[in-house]
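Trainee:
Encoded structure:
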């Protein structure tokens with residue numbers, strides 16, 4: 050719940066679109082500006098916002114918003 | 007019982023090292039549990055930086071950017087410096103309200119504050135939308151050629167160029183094709199006609215093994231010089247290239263730099279040779295100096311393996327800053343003149359109050375030594391051709407004395423091409439400097455520890471660069487190093503002699519220039535004044551001010567704690583304090599008025615104000631307060647004296663300026679209350695405090 054709302058405001062900032070609403074299934078096909086360069090930038094922005102560091106495998110396997118959430122949740126579990 | 011909302015509040019108030027992340031986490035938790043209202047209530051009137059930040063963030067979540075905008079304005083650092091993060095939010099709100107020019111000004115300021123890479127990621131789209139509002143003077147064409155992904159660097163460079171009023175157009179060849187582009191005569195690159203080519207290579211391009219035997223270095227060097235030659239032949243661009251940084255990982259460890267054949271050592275030799283062979287069309291930037299000044303590691307292996315990003319994303323802002331500074335230097339757009347404030351910028355303390363012997367400059371005080379080090383740095387800037395000037399609110403004699411007589415002052419009067427120590431506003435002084443020296447304001451940098459002065463100069467003279475500094479001397483050096491405003495790519499003999507040639511034309515006496523948008527500046531400060539009778543809580547600070555205030559002090563009467571106390575409890579005295587707060591800082595108790603009350607007449611015994619807040623109109627507020635008090639008590643006139651000292655020339659004309667008429671004795675003045683016209687006081691807002699009856703508030 051909180052991860053998706055934090056991701057939502059981050060997507061709004063990166064794409065500068067206050068009306069943007071992301072769901073777990075949202076993928077590059079749904080947002081016009083979400084190209085491969087934007088993908089790299091999103092990964093870096095999310096790492097910074099959550100204080101997380103994705104592995105090489107994760108970075109290359111992030112295909113939709115749900116993948117980001119899953120990768121972040123894995124970290125939560127590891128700490129707890 | 008402590009509530010959840012209070013726990014959340016405490017989580018940001020105590021988060022020192024990484025406030026932003028603490029605020030983000032607090033917002034997430036608050037939203038997740040639906041505690042928005044409770045937390046906002048817990049944050050009410052908390053002055054702490056974290057609390058203000060969280061309040062602005064939550065307001066934005068709950069009420070939207072428009073309602074949050076005024077809250078973002080209060081988010082500044084402890085020392086009153088603007089924060090890129092808060093500026094970004096304010097800019098977004100301005101765009102939603104349709105004011106792109108305001109947004110561009112805020113974004114420009116944020117980009118001058120050396121934000122980290124994360125800022126660029128989140129600001130990029132917004133900045134592009136505001137592009138026309140950045141007021142660019144010039145278009146430039148930049149070819150970005152690299153063996154890695156250059157797109158991220160391009161975005162950062164683009165934002166920095168717009169900040170500097172340059173509108174860039176980029177050409178990036180397909181990934182990995184930079185050499186083909188250079189060698190083909192009919193390439194897209196040569197059709198593009200770049201004015202600058204940025205060549206971004208890394209150690210992998212040198213093809214060096216761990217142990218580099220003879221010939222490998224020479225081969226690598228010739229590959230680079232071949233690329234230069236191709237660029238020189240096929241374009242008319244200036245080529246800018248970073249030197250090679252050795253790989254951060256090397257199984258030979260220290261030996262890599264020690265062995266003659268070690269890879270790190272070989273790379274250093276290659277760099278050295280490249281510096282020797284670089285023709286005038288090539289500018290080399292030392293990447294190891296950038297790496298040394300940056301907090302983060304130079305390379306990031308995951309970014310490299312997943313997206314071929316080099317160097318690490320976190321260092322891209324400082325790399326781009328260096329590249330853009332070389333572009334500015336080549337275009338003749340480097341800044342030429344550094345205007346300096348004095349008190350708490352070039353030394354610690356206030357010379358007008360503490361005297362030249364009382365300021366902190368030089369040993370043994372630690373901070374004094376750092377101020378001295380800062381002066382040495384400034385002096386060196388001057389020696390290599392940067393013009394130096396002073397704009398300070400001081401008596402000229404006090405200010406000059408430090409440079410003439412203080413044995414630890416590295417800077418001397420003759421180091422400055424213009425020396426404006428007076429009580430006029432700084433934007434006016436700077437504008438006058440520009441006309442006297444015949445220099446454009448766009449070649450000025452202004453350094454001042456006082457956020458209100460910085461804001462005034464920005465408001466009135468948007469061409470001047472005004473770095474955010476707190477006054478901590480090593481931070482001032484860091485700000486100049488980060489901004490690279492005075493970048494030069496060649497040193498000429500004119501540079502070294504420049505200062506002398508300006509000294510001759512400088513320093514004519516001229517009229518104070520019109521104040522322009524001074525009103526706007528004062529309005530933007532959102533000043534709030536609070537005032538009340540001197541009481542047990544305030545009397546220590548009141549005694550302190552009475553005994554140390556020299557400049558804005560009408561009579562310079564000094565009183566001991568005991569004497570202050572006696573006047574405080576006596577029914578014969580009207581004794582008030584004044585506090586001032588603005589959007590940057592709480593200045594604390596800054597003014598005192600003491601009058602002796604008789605039936606028909608009040609006599610002003612003490613009227614003083616801290617020099618920090620001179621020029622804000624506080625004295626007008628104070629006069630209105632005393633007139634109101636005297637009228638209410640039935641008095642008919644106010645009597646006051648100006649007692650001149652070596653330090654208080656500033657208030658020489660204070661009484662006549664407010665309509666007091668000279669009475670019999672020298673320095674004695676009278677204001678008839680029935681006929682008195684009170685000065686306007688538009689910029690000071692009062693606020694409701696604890697006790698309306700005791701503590702006066704509101705506009706008078």
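Residue numbers (the working numbering), protein chains in the order written: chain D, 50 to 129; chain C, 7 to 706. Here a beta-carbon is modelled for each residue, glycine too, at the ideal position from N, C-alpha and C. Remember, predicted model here, so these are calculated numbers, not experimental data.
In the stretch 85–102 of chain D, which residues sit with their C-beta less than 7 Å from some C-beta in chain C, listed in chain order?
Mentor: Listed by position, the residues of the stretch 85–102 of chain D near chain C (Cβ gap below 7 Å) are 86, 89, 90, 93, 94, 97, 98, 100.
Trainee: Is it right to say residue 7 of chain C is buried, meaning 16 or more other beta carbons lie within 10 angstroms of its own, or is it exposed?
Mentor: As a position in the second chain, residue 7 of chain C is number 1, starting the count at 1. Per the 10 Å Cβ criterion, exposed.
Trainee: With distances taken Cα to Cα, identify the nearest neighbour of residue 311 of chain C among D:103, D:120, D:113.
Mentor: Reading the second chain from its first residue, position 305 is the one you call residue 311 of chain C. Closest by alpha carbon: D:103.
Trainee: Against chain D, with Cβ distances strictly below 8 Å, would residue 157 of chain C count as a contact?
Mentor: To locate residue 157 of chain C, count along the second chain from 1; it is residue 151. Yes, residue 157 of chain C lies at the interface with chain D (some Cβ there is under 8 Å from its Cβ).
Trainee: Indicate the three-state DSSP secondary structure (helix, strand or coil) for residue 589 of chain C in the structure shown.
Mentor: As a working note, residue 589 of chain C is residue 583 in the second chain. It is coil, neither helix nor strand.
Trainee: Under a Cβ-count criterion, where at least 16 other Cβ atoms within 10 Å of its own Cβ denotes burial, should residue 667 of chain C be classed as buried or exposed?
Mentor: In the second chain, residue 667 of chain C corresponds to position 661, counting from 1. By the neighbour-count rule (16 or more Cβ atoms within 10 Å), residue 667 of chain C is not buried but exposed.
Trainee: By how many angstroms is the C-alpha of residue 489 of chain C removed from the C-alpha of residue 141 of chain C?
Mentor: The sequence position of residue 141 of chain C within the second chain is 135, counting from 1. The sequence position of residue 489 of chain C within the second chain is 483, counting from 1. Rounded to whole angstroms, residue 141 of chain C to residue 489 of chain C spans 20 Å at the Cα level.
Trainee: Buried or exposed for residue 413 of chain C, going by 16 or more other Cβ atoms inside 10 Å?
Mentor: For the purposes of this step, residue 413 of chain C is identified with residue 407 of the second chain, where counting begins at 1. Its Cβ having fewer than 16 others within 10 Å, residue 413 of chain C is exposed.
Trainee: With a threshold of 8 Å between beta carbons, is residue 64 of chain D in contact with chain C?
Mentor: For this step, residue 64 of chain D is matched to residue 15 along the first chain. Yes, because at least one Cβ of chain C sits closer than 8 Å to the Cβ of residue 64 of chain D.
Trainee: Would you mind giving the Cβ-Cβ distance between residue 245 of chain C and residue 237 of chain C, rounded to the nearest angstrom? I have them listed as a contact below 8 Å.
Mentor: Counting from one through the second chain, the residue named residue 245 of chain C turns up at place 239. Counting from one through the second chain, the residue named residue 237 of chain C turns up at place 231. At roughly 5 Å, the Cβ-Cβ gap stays under 8 Å, so residue 245 of chain C and residue 237 of chain C are in contact.
Trainee: Identify whether residue 606 of chain C lies in helix, strand or coil by the three-state DSSP scheme.
Mentor: Start at 1 with the first residue of the second chain, and residue 606 of chain C comes out as number 600. Residue 606 of chain C falls in the coil class under three-state DSSP.
Trainee: Anyone know if the C-beta pair for residue 214 of chain C and residue 207 of chain C falls short of 8 Å?
Mentor: The residue given as residue 214 of chain C occupies position 208 in the second chain. The residue given as residue 207 of chain C occupies position 201 in the second chain. Against a cut-off of 8 Å, the Cβ pair of residue 207 of chain C and residue 214 of chain C comes out as no contact.
Trainee: Counting only C-beta atoms, is residue 105 of chain D closer than 8 Å to chain C at any point?
Mentor: Taking the first residue of the first chain as position 1, residue 105 of chain D is located at position 56. So, interface residue.
Trainee: So with CB distances below 7 Å, who are the chain C contacts of residue 75 of chain D?
Mentor: Taking the first residue of the first chain as 1, we reach residue 75 of chain D at position 26. Going along chain C, no residue has its Cβ under 7 Å from residue 75 of chain D, so there is no contact; the nearest lies around 17 Å.
Trainee: Any idea what DSSP makes of residue 615 of chain C, helix, strand or coil?
Mentor: Indexing the second chain from 1 puts residue 615 of chain C at position 609. Assigned with DSSP and collapsed to three states, residue 615 of chain C falls in strand.
Trainee: Would you please verify whether the beta carbon of residue 312 of chain C is less than 8 Å from any beta carbon of chain D?
Mentor: By 1-based counting over the second chain, the position of residue 312 of chain C is 306. With 8 Å as the cut-off, residue 312 of chain C counts as an interface residue toward chain D.
Trainee: Which residues mark the beginning and the end of the alpha helix (DSSP H) in which residue 381 of chain C is found?
Mentor: As a first step, residue 381 of chain C is located in the second chain; it is residue number 375 there, counting from the start. Segment 372–389, the alpha helix (DSSP H) holding residue 381 of chain C.
Trainee: Would you check if there are 3 or more beta carbon pairs closer than 8 Å linking the stretch 534–549 of chain C to the stretch 601–616 of chain C?
Mentor: Cβ pair count under 8 Å is below three, so no.
Trainee: Helix, strand or coil: how does DSSP classify residue 129 of chain D here?
Mentor: Locating residue 129 of chain D in the first chain gives position 80, where the first residue counts as 1. Reliability of the predicted coordinates at residue 129 of chain D is poor, the pLDDT of 38 falling under 50, and the value obtained from them is presented with this limitation in mind. If DSSP states are grouped into helix, strand and coil, residue 129 of chain D belongs with coil.
Trainee: Cα separation between residue 594 of chain C and residue 613 of chain C?
Mentor: By 1-based counting over the second chain, the position of residue 594 of chain C is 588. By 1-based counting over the second chain, the position of residue 613 of chain C is 607. So the alpha carbons of these two residues sit roughly 17 Å apart.
Trainee: Is it true that the stretch 114–131 of chain C meets the stretch 147–163 of chain C, where meeting means three or more beta-carbon pairs spaced less than 8 Å apart?
Mentor: Taking 8 Å as the limit for Cβ pairs, the verdict is that the stretch 147–163 of chain C does touch the stretch 114–131 of chain C.
Trainee: Kindly indicate which three-state DSSP category residue 192 of chain C falls into: helix, strand or coil?
Mentor: For the purposes of this step, residue 192 of chain C is taken as residue 186 along the second chain, with counting starting at 1. Residue 192 of chain C falls in the coil class under three-state DSSP.
Trainee: Checking the sheet assignment: what are the DSSP bridge partners for residue 451 of chain C?
Mentor: Within the second chain, numbered from 1, the residue matching residue 451 of chain C stands at position 445. C:344, C:471, per the DSSP bridge assignment.
Trainee: If we ignore side chains and look at the alpha-carbon of each, how far apart do residue 4 of chain C and residue 285 of chain C end up?
Mentor: Residue 4 of chain C is absent from the model: chain C starts at 7 and stops at 706.
Trainee: For a quick check, are the C-beta atoms of residue 353 of chain C and residue 399 of chain C less than 8 Å apart?
Mentor: Counting from one through the second chain, the residue named residue 353 of chain C turns up at place 347. Counting from one through the second chain, the residue named residue 399 of chain C turns up at place 393. In this structure, residue 353 of chain C sits away from residue 399 of chain C, with a CB-CB distance that is not shorter than 8 Å.
Trainee: Look at the alpha carbon of residue 230 of chain C and the alpha carbon of residue 448 of chain C, and state the distance between them as a whole number of angstroms.
Mentor: Here residue 230 of chain C refers to the residue found at position 224 of the second chain. Here residue 448 of chain C refers to the residue found at position 442 of the second chain. Rounded to whole angstroms, residue 230 of chain C to residue 448 of chain C spans 37 Å at the Cα level.
Trainee: Whole beta strand (DSSP E) runs in the stretch 632–705 of chain C with 3 or more residues, listed along the chain?
Mentor: 643–647, 674–678, 690–692
Trainee: Could you tell me the distance, in whole angstroms, from the CA atom of residue 115 of chain C to the CA atom of residue 78 of chain C?
Mentor: Along the second chain, one-based indexing puts residue 115 of chain C at 109. Along the second chain, one-based indexing puts residue 78 of chain C at 72. Whole-angstrom Cα-Cα distance: 15 Å.
Trainee: Checking 8 Å against the spacing of the C-beta atoms, do residue 109 of chain C and residue 81 of chain C come in under that value?
Mentor: Here residue 109 of chain C refers to the residue found at position 103 of the second chain. Here residue 81 of chain C refers to the residue found at position 75 of the second chain. The beta carbons of residue 109 of chain C and residue 81 of chain C sit no closer together than 8 Å.
Trainee: Which complete beta strand (DSSP E) runs does the stretch 526–562 of chain C hold, if anything under 3 residues is left out?
Mentor: 533–539
Trainee: At 7 Å on the CB atoms, spell out the chain A contacts of residue 128 of chain C, in chain order.
Mentor: Going by chain labels, chain A is absent from the structure shown, which instead holds the protein chains D and C.
Trainee: Going by DSSP, what residue range makes up the beta strand (DSSP E) through residue 290 of chain C?
Mentor: As a position in the second chain, residue 290 of chain C is number 284, starting the count at 1. From DSSP, the beta strand (DSSP E) with residue 290 of chain C extends over 288–291.
Trainee: Can you tell me where the alpha helix (DSSP H) holding residue 311 of chain C begins and where it ends?
Mentor: Along the second chain, read from residue 1 onward, the residue named residue 311 of chain C stands at position 305. 307–313 is the extent of the alpha helix (DSSP H) around residue 311 of chain C.
Trainee: Please classify residue 516 of chain C as buried or exposed, where buried requires at least 16 neighbouring CB atoms within 10 angstroms.
Mentor: Mapped onto the second chain, residue 516 of chain C falls at position 510. Residue confidence is low: residue 516 of chain C scores 31 on pLDDT, short of 50, so the model does not pin down where it sits. Its coordinate-derived value is still stated next. Result: exposed.
Trainee: When you compare only the Cα positions, how much space is there between residue 88 of chain D and residue 66 of chain C?
Mentor: Counted from its first residue, the first chain places residue 88 of chain D at position 39. Counted from its first residue, the second chain places residue 66 of chain C at position 60. Each residue's Cα considered, the two are about 26 Å apart.
Trainee: Note down the Cα distance separating residue 80 of chain D from residue 323 of chain C, rounded to an integer number of angstroms.
Mentor: As a working note, residue 80 of chain D is residue 31 in the first chain. As a working note, residue 323 of chain C is residue 317 in the second chain. C-alpha separation (whole angstroms): 27 Å.
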